[in-house]
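Taking my numbering, I'd label the letters of the sequence shown as residues 407 to 570.
Notes follow once the structure below has been shown.
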Amino acid sequence: MTQEYKREIFLNRKFEANTFYVGQVRLNSSVTDLDQTEIVDIFVDHKGYENLNFSSRLELLKTKSGWVHYAVGASFEIDKGVVRQIKLSTKYLQDNKTSMKDLLSIFGQPDVELVDDICYSALDYNIDAYVLVYRQIQIYAFVDPKTEILKELHLGTLDEKIYG
């Protein structure tokens, strides 16, 4: 399967966040549904988590919040044992060509466009991504501000208040 064929598969699909799976994992799946052989890192919002092995971290995620990262470029936000958000990198999507224009043709006009930015000082302000928000289908497309190429696709709930 060529890269361009894989890109066409992505461009031609119309899906909602609730119908998308990564292996056996989808939104609202249990942390126990995660494939432990695919995990490369686990963050847990808990003091000292970095000293724990992956099994212990996954056990903590049953009552805490955090992120689980797969080698294939998919990540999962976990809250009290439940998958609340899926983040797909362009590595996972096998796509580094999809433009903002392509996204608009796939999903239509977003409900709102947000800015993912950071300010280190008065002279060091950076826009990391434009965020196209599709609330009804729970899809959030992060687009590079310079190239207008898709960087990440988030599925599920997104705290819009943290973006400008």
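Where a beta carbon is used, it is the ideal one built from N, C-alpha and C, also for glycine.
Model, not experiment: these values are computed from the prediction.
{"Check": "Cβ neighbour criterion (16 or more within 10 Å) applied to Q544", "Outcome": "buried"}
{"Check": "contact_flag[the stretch 430-445, the stretch 477-485] where n(CB pairs < 8 Å) is 3 or more", "Outcome": "yes"}
{"Check": "Residue nearest to G429 in terms of C-alpha spacing, selected from Y526, V478, D451, D534", "Outcome": "V478"}
{"Check": "Pairwise C-alpha distance: Q442 and I448", "Outcome": "11 Å"}
{"Check": "Distance, V446 Cα to D565 Cα", "Outcome": "25 Å"}
{"Check": "DSSP-derived helix/strand/coil call for A528", "Outcome": "coil"}
{"Check": "Alpha carbon of G472 to alpha carbon of V450, nearest angstrom", "Outcome": "4 Å"}
{"Check": "Helix, strand or coil at F513 [DSSP, three-state]", "Outcome": "helix"}
{"Check": "Any beta strand (DSSP E) of 3 or more consecutive residues that is wholly inside the stretch 429-492", "Outcome": "445-450, 471-476, 480-485"}
{"Check": "For K453 and Q491, the rounded distance between their alpha carbons", "Outcome": "23 Å"}
{"Check": "Between the CA atoms of G562 and L467 - distance to the nearest angstrom", "Outcome": "18 Å"}
{"Check": "Bridge-paired residues (DSSP) for E519", "Outcome": "L538"}
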